[in-house]
Amino acid sequence: MSIPRRRLAAIVVAPFLGHAAKAQGWPARPIIFTIPFQAGGSADLLARLVAERMTPRLGSNARIVVENRAGAGGLIGSEHVRRQPADGHALLLATPSTHGTVPALQPATTPYDPVSDFTPIAILGRAPIALAVPKDSPHGDARALIEALRAAPGRANWGSSGIGSVGHLAGELMALMGGGLQAVHVPYRGGAGIAEALAKSEIQFAWEPLGSLAAGAKDGLFRILAMGSPNRHPLFPEVPAMREAALPGFEASTWNLMLGPRGLPPEIVGRLSSIVNAVLAEADIIARLAAAGIDAVSDSTPGRTAEFLAAEYAKFRDIVQKADLKISS
């Protein structure tokens, strides 16, 4: 039985009208921006700055509430957002831990797919992972450190801010690209522990986000040998990128994305993306984030954010497989 032309047109257009109606009435209540970690730290600062500046751009009655839901390496907060209605009132601050390293290391116990279970909105910020050594280290550059590790496999201790952290996987990537380097990984609880261990020469090197190491390096408590980013960083212009110093093609950075539950209406996604890009282009926001070791990103699109997330997750999964990393849940 054929469907009348007018009815067919209504069936085809109805979903799009539904999305448009949702977008016109949005936001209808406070938007909850979930940070899946405890308060404090650079990611928390980023989220709160962004939320504060986005609110007036969304409308006179709009409100964004930042909520910390910590636990399980960020999985608890991320899973909470995944389960929320896809109506634009639930947002997530995603990190390499929540949507890269932990899902790659623990696929069986991660309750969501980091790529397909969320709607990408924007890349908020990126920051390099830095390779650091104690101030009295005999290694003057990254190449010398790698040569020493090759000459004495398994004798050096190195640190990161925890098993499954982006610094941990950056160190594993260096080991793989260096031809199978062997050293003993010592996980610490956060960047403060890494900085203290380097200052006390408890470890021979560490991989850690620059934001945790910048102050100590500036004060001469330890030295930074290389950056994981593709290019040199303006905070330390004298420090080469790892790819120019020793390992061509090396890249490791930390990042923060804004995501929503899967199925977020395109109109809402587009508006959020446009507003957050405008916020991150403000000069004082750029300066405040730079002081915390974060490079603001103000030119992302939902499409590029989706491509970036998929590529990062694939990279971490590849490192885990090639290094044969396994951890218990």
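Residue numbering for the sequence shown follows the numbering used here, starting at 5 and increasing by one per position. We treat Cβ as the ideally placed atom computed from N, Cα and C, and that holds for glycine.
Supposed contact pair Ile68 and Ala55 - C-beta distance, whole angstroms, cut 8 Å: On the sequence shown, position 51 is the one that residue 55 refers to. On the sequence shown, position 64 is the one that residue 68 refers to. About 4 Å; that satisfies the 8 Å criterion.
Alpha carbon of Ala210 to alpha carbon of Ala134, nearest angstrom: For this step, residue 210 is matched to residue 206 along the sequence shown. For this step, residue 134 is matched to residue 130 along the sequence shown. If you take the alpha carbons of Ala210 and Ala134, they lie about 8 Å apart.
Met262 burial status per 10 Å Cβ neighbour count (16 or more: buried): Mapped onto the sequence shown, residue 262 falls at position 258. With 16 or more Cβ atoms within 10 Å of its Cβ, Met262 is classed as buried.
For Phe240, the three-state DSSP class (helix, strand or coil): Stepping through the sequence shown from its first residue, residue 240 is reached at position 236. Three-state result, Phe240: strand.
Inside the segment 172–211 only - beta strand (DSSP E) runs reaching at least 3 residues: List check, beta strand (DSSP E) in window: 188–191.
C-beta atoms of Arg73 and Thr38 nearer than 7 Å: As a working mapping, residue 73 is identified with position 69 in the sequence shown. As a working mapping, residue 38 is identified with position 34 in the sequence shown. Yes, they are a contact pair.
Cβ-Cβ separation, Ala230 to Ala218 (assumed contact under 8 Å), whole Å: Taking the sequence shown and counting its residues from 1, one reaches residue 218 at position 214. Taking the sequence shown and counting its residues from 1, one reaches residue 230 at position 226. Contact annotation, Ala218 with Ala230: C-beta distance approximately 14 Å; criterion of less than 8 Å not satisfied.
Val70 and Arg57 closer than 7 Å at C-beta: Position 66 of the sequence shown holds residue 70. Position 53 of the sequence shown holds residue 57. Taking C-beta atoms as the reference points, Val70 and Arg57 fail to come closer than 7 Å.
Under the three-state DSSP convention, the category Ser257 falls into: Indexing the sequence shown from 1 puts residue 257 at position 253. Correct three-state label for Ser257: strand.
Assumed close pair Thr114, Pro265 - CB separation to whole angstroms, cut-off 8 Å: Translated into the one-based positions of the sequence shown, residue 114 becomes position 110. Translated into the one-based positions of the sequence shown, residue 265 becomes position 261. Contact between Thr114 and Pro265 is absent: CB atoms are separated by about 16 Å, not below the 8 Å threshold.
Residue from Gly215, Glu255, Thr99, Ala94 with nearest C-alpha to Leu239: The residue given as residue 239 occupies position 235 in the sequence shown. When each option's Cα is compared against that of Leu239, the closest is Gly215.
Under the three-state DSSP convention, the category Glu248 falls into: Position 244 of the sequence shown, counted from the start, is the residue given in the question as residue 248. Note: Glu248 maps to helix in three-state DSSP.
8 Å contact criterion, which Ala126 and Thr309 should meet: CB distance rounded: As a first step, residue 126 is located in the sequence shown; it is residue number 122 there, counting from the start. As a first step, residue 309 is located in the sequence shown; it is residue number 305 there, counting from the start. Confirmed, about 6 Å.
Spatial distance of Ile36 from Asp328 (CA atoms): Translated into positions along the sequence shown, residue 36 becomes position 32. Translated into positions along the sequence shown, residue 328 becomes position 324. If you take the alpha carbons of Ile36 and Asp328, they lie about 38 Å apart.
Cβ-heavy atom distance, Leu251 to the ligand MN, below 6 Å: Questions concerning the ligand MN fall outside what the structure shown contains, since it holds no ligand whatsoever.
Straight-line gap, His93 to Asn260 (C-alpha atoms, nearest Å): Here the question's residue 93 lines up with position 89 in the sequence shown. Here the question's residue 260 lines up with position 256 in the sequence shown. Computed Cα separation, rounded: 19 Å.
Alpha-carbon spacing of Asp322 relative to Gly29, whole angstroms: Taking the sequence shown and counting its residues from 1, the one referred to as residue 322 is at position 318. Taking the sequence shown and counting its residues from 1, the one referred to as residue 29 is at position 25. Each residue's Cα considered, the two are about 43 Å apart.
Enclosing beta strand (DSSP E) for Ser233 [first to last residue]: For the purposes of this step, residue 233 is taken as the residue at position 229 of the sequence shown. First-last for Ser233: undefined, no H or E at that position.
For Asp299, the three-state DSSP class (helix, strand or coil): By 1-based counting over the sequence shown, the position of residue 299 is 295. Asp299: strand per DSSP, three-state reduction.
Through-space distance from Pro34 to Gly224, alpha-carbon basis: Here residue 224 is taken as the residue at index 220 of the sequence shown, counted from 1. Here residue 34 is taken as the residue at index 30 of the sequence shown, counted from 1. Straight-line Cα distance between these residues: approximately 45 Å.
Straight-line Cα distance separating Gly163 from Ile228: To locate residue 228, count along the sequence shown from 1; it is residue 224. To locate residue 163, count along the sequence shown from 1; it is residue 159. When rounded, the distance between both Cα atoms is 14 Å.
Contacting residues, own chain, Cβ-Cβ under 7 Å from His23 (five flanking each side not counted): The residue given as residue 23 occupies position 19 in the sequence shown. Unreliable placement is indicated for His23, whose pLDDT of 49 sits below 50; the coordinate value is still reported in the next sentence. Here the set comprises Pro269, Pro270, Glu271.
Sub-7 Å separation of Gly195 and Ser165 beta-carbons: Position 191 of the sequence shown, counted from the start, is the residue given in the question as residue 195. Position 161 of the sequence shown, counted from the start, is the residue given in the question as residue 165. It is a contact, given that the beta carbons lie within the stated cut-off.
C-alpha gap between Pro118 and Pro89, whole angstroms: Translated into the one-based positions of the sequence shown, residue 118 becomes position 114. Translated into the one-based positions of the sequence shown, residue 89 becomes position 85. Their Cα atoms are separated by approximately 17 Å.
Under 7 Å between C-beta atoms of Ala320 and Ala174: Sequence index remark: in the sequence shown, residue 320 carries index 316 (1-based). Sequence index remark: in the sequence shown, residue 174 carries index 170 (1-based). According to the sequence displayed, residue 320 carries Phe and not Ala. For Phe320 and Ala174, no; Cβs fall outside 7 Å.
Boundaries of the alpha helix (DSSP H) in which Arg73 is found, first to last residue: Stepping through the sequence shown from its first residue, residue 73 is reached at position 69. Neither: Arg73 is in no alpha helix (DSSP H) and is coded neither H nor E.
Below-7 Å beta-carbon distance, Ala285 vs any chain C residue: Here there is only one protein chain, and chain C is not present.
Nearest-angstrom Cα separation, counted from Val188 out to Gly104: For the purposes of this step, residue 104 is identified with residue 100 of the sequence shown, where counting begins at 1. For the purposes of this step, residue 188 is identified with residue 184 of the sequence shown, where counting begins at 1. Approximately 23 Å, taken between the alpha carbons.
First and last residue of the uninterrupted alpha helix (DSSP H) at Leu128: Against the sequence shown, residue 128 aligns to sequence position 124. Unbroken run through Leu128 is the beta strand (DSSP E), 122–138; no alpha helix (DSSP H).
Check whether Ile298 and Leu95 have beta carbons under 7 Å apart: Within the sequence shown, residue 298 is the residue found at index 294, counting from 1. Within the sequence shown, residue 95 is the residue found at index 91, counting from 1. Leu95 sits away from Ile298, with the two beta carbons spaced by 7 Å or more.
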